[in-house]
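Comments concern the structure below.
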Amino acid sequence: MLALFHNFFAPPRHIVLLILAIWIGLLVAEKRAERHALSKDDLNNLVFYSLLSYILGGRIFYVLENFSAFSKSPLSVFSINLNLFDLSGALITAALALLIFIQRKKLFLWSTLDALMPFFALLIIGIELSHLAAGTAFGTPSDLPWAVELWNARRHPLQLYNLSASLLIFGWLWFKKQNQPSGILFLNLSAVTAAYLLFISAFQADQNVILNGVKSNQIIALIALIISFILFEIRLRPTKA
Amino acid sequence: MNLTQRIILYALVLISGIAWIILSADFSKNTPAAQTSAPQAGFSAPDFTLKTPAGESYTLSELKGKAVLVNLWATWCPPCRAEMPAIQEIYDEYKAQGFIVLAINMTAQDNPLEIAPFLNKYNLNFPVLLDETGETGKAYQLRSLPSSFFIDRAGIISEVVIGGPMAEALLRTRVEEILK
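Going down the list, the sequences are from chains A and H. Just so you know, we're using numbering that gives the first Met the number 0 here: the first sequence kicks off at 0 and counts up by one. Just so you know, we're using numbering that gives the first Met the number 0 here: the second sequence kicks off at 0 and counts up by one.
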């Protein structure tokens, strides 16, 4: 079953899984958008502009970082290679596009983020599926009975751990009673995902290490967790009468 | 949950998180992946010995100290054809700095009679090797053509690019990376 999945969605076809996740995420988010005071049109436009900014921003930042390489072959700017991409530049541009859209449409940030929660949660599932297909974000060697053979070693099935966790988190948040201040639903997703990644990234083999051995993904997850906790308190703070 | 309970919860989670980060850190500076051979970034590139159509033999492990681009291709594959001129250009530009291209033809899936005309048509002068048994393709877990493996001077795969054609700027940035 897993081998069939690997063959069917081997790179570069694993990108299909991400596109599917975006599409399903948008469909699912549409179902509850109006509960969070966001129209279906605004939701679709918001996702469209953010994705467009993500793609353009990722390429523009990459070109700027490697300007000398592109100055020798300017047509490479329009290449379909996915590797010519700067992830942090893409995320910054997409976040800016999202904030500008929210401001121009006079939407409320926190309820918009709540409306986007199913989209983000399903996107995380899509990312985990694409890692599973590509064999990336793989686990450290292990002799546990459920270890899987990958890259010539028996390893923690990290992609399966991550996929199961992301499905559980989506299910929990989808069925959770939503009687809390706006923003709490989104912050639940970010805090639980960060806490989970802080734990599980200890078993991820392909990641950078900092400070002579500390895993960088755990530090990023810890920072995300601290920010989530601070934002929780801001959202839960009683408003003055 | 009131404020005090929440603060206790945050503190517990953060203290456990920091403890776990320290406990799970690997201070041994081991990079076990680099000692294992696999066709994936961070691993030692699977070794092979293959011959050119002229009979000259190349062994990947003997090229340690050089930056290597292993490119798996076939004459019938349009993106393979499309990226060959860019590969040739980059090879010409960087070969003096210790860069070499090993273009492995998937001969088991190709028509051997079309290889020589292909090399002449694109005026390729980097080593083109023949994988007649399909063993090297198998070792590199070939699923899609072209597939390119950028290997640094220590023999470790720096990046894998599946599919193509690769843009010249992509080749240039990756080659400069593995030449460092």
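By construction, the Cβ of each residue, glycine as well, lies at the ideal position given by its N, Cα and C atoms.
(message) Would residue 175 (chain A) pass as an interface residue toward chain H - the criterion being a Cβ-Cβ separation below 8 angstroms?
(response) no
(message) Along the stretch 141-158 of chain A, where does the CB come closer than 8 angstroms to a CB of chain H? Name the residues.
(response) 150, 151 and 152
(message) Taking its Cβ as the centre, do 16 or more other Cβ atoms sit within 10 Å of residue 171 (chain A), making it buried, or is it exposed?
(response) exposed
(message) Closer than 8 angstroms is the cut-off here; do at least three beta carbon pairs connect the stretch 133-144 of chain H with the stretch 98-107 of chain H?
(response) yes
(request) Within 10 angstroms of the Cβ of residue 54 (chain H), are there 16 or more other Cβ atoms? Answer buried if so, exposed if not. (result) exposed
(message) Can you confirm whether the stretch 8-22 of chain H touches the stretch 215-230 of chain A when touching is taken to mean that 3 or more C-beta pairs between the two stretches lie within less than 8 angstroms?
(response) yes
(request) Give the straight-line distance between the Cα atoms of residue 157 (chain A) and residue 194 (chain A), rounded to the nearest whole angstrom. (result) 16 angstroms
(message) Tell me the residue span of the alpha helix (DSSP H) that contains residue 109 (chain A).
(response) 108-133
(message) Contact between the stretch 88-95 of chain A and the stretch 51-59 of chain A is defined here as three or more beta-carbon pairs at a separation below 8 angstroms; is this criterion met?
(response) yes
(message) Can you tell me whether residue 79 (chain A) is helix, strand or coil according to DSSP?
(response) coil
(message) Which residues in chain H have a C-beta closer than 9 angstroms to the C-beta of residue 205 (chain A)? List them in chain order.
(response) 32, 39, 40 and 41
(message) Just checking: is the beta-carbon of residue 19 (chain H) within a distance shorter than 8 angstroms of some beta-carbon in chain A?
(response) yes
(request) Would you mind working out which of A:73, A:60 and A:109 sits nearest residue 88 (chain A), comparing C-alpha positions? (result) A:60
(message) Let me see if you follow: with CB-CB separation under 8 angstroms, is residue 3 (chain A) close to chain H or not?
(response) no
(request) Identify whether residue 179 (chain A) lies in helix, strand or coil by the three-state DSSP scheme. (result) coil
(request) Measure the alpha-carbon distance for residue 170 (chain H) versus residue 147 (chain A) and round it to whole angstroms. (result) 34 angstroms
(message) Please state the DSSP three-state secondary structure of residue 225 (chain H).
(response) Coverage of chain H is limited to positions 0 through 179, which leaves residue 225 (chain H) absent and any answer about it impossible.
(request) Answer yes or no: do residue 110 (chain A) and residue 167 (chain A) have a C-beta to C-beta separation smaller than 8 angstroms? (result) no
(request) Within the same chain, show all residues whose beta-carbon is closer than 6 angstroms to that of residue 162 (chain H), passing over the 5 residues directly before and after it, in chain order. (result) 143
(request) Would you verify that the beta carbon of residue 88 (chain A) is, or is not, closer than 8 angstroms to some beta carbon of chain H? (result) no
(message) Mapping the DSSP letters down to three states, classify residue 203 (chain A) as helix, strand or coil.
(response) strand
(request) Specify, as a first and last residue, the run of the beta strand (DSSP E) that residue 160 (chain A) falls within. (result) Careful: residue 160 (chain A) lies outside any beta strand (DSSP E), inside the alpha helix (DSSP H) at 157-174.
(message) Under 8 angstroms, Cβ to Cβ, is there at least one residue of chain A near residue 155 (chain H)?
(response) no
(request) Could you check if residue 60 (chain H) is buried or exposed, using at least 16 other CB atoms within 10 Å of its CB as the buried criterion? (result) exposed
(message) I'd like the span of the beta strand (DSSP E) that includes residue 158 (chain H), first residue to last.
(response) 156-161
(message) Tell me which residues share the same chain as residue 35 (chain A) and place their Cβ nearer than 8 angstroms to its Cβ, disregarding the 5 neighbours each side in the sequence.
(response) 110, 111, 113, 114 and 181
(message) Quick check on this structure: which residue in H:150, H:164 and H:168 has the alpha carbon closest to the alpha carbon of residue 41 (chain H)?
(response) H:150
(request) Have a look at residue 1 (chain H) and residue 13 (chain H) and give me their C-alpha separation to the nearest angstrom. (result) 18 angstroms
(request) Quick one: residues in its chain with C-beta nearer than 7 angstroms to the C-beta of residue 191 (chain A), no 5 flanking neighbours on either side, listed in chain order? (result) 168
(message) Can you find the residues in the same chain that come closer than 7 angstroms, C-beta to C-beta, to residue 173 (chain A), ignoring five residues on each side of it along the sequence?
(response) 117
(request) Just grab the DSSP bridge partners of residue 152 (chain A) for me. (result) A:149
(request) Locate the alpha helix (DSSP H) running through residue 52 (chain A), then write down its first and last residues. (result) 39-64
(message) Check this for me: beta carbons of residue 99 (chain H) and residue 65 (chain H), under 8 angstroms apart or not?
(response) yes
(request) Can you give me the Cβ contacts of residue 8 (chain H) inside the same chain, cut-off strictly under 8 angstroms, excluding the 5 residues immediately before and after it? (result) 0
(request) Scan the stretch 77-147 of chain H and note each continuous alpha helix (DSSP H) run of 4 residues or more that stays entirely inside, going in chain order. (result) 77-93, 114-120 and 134-138
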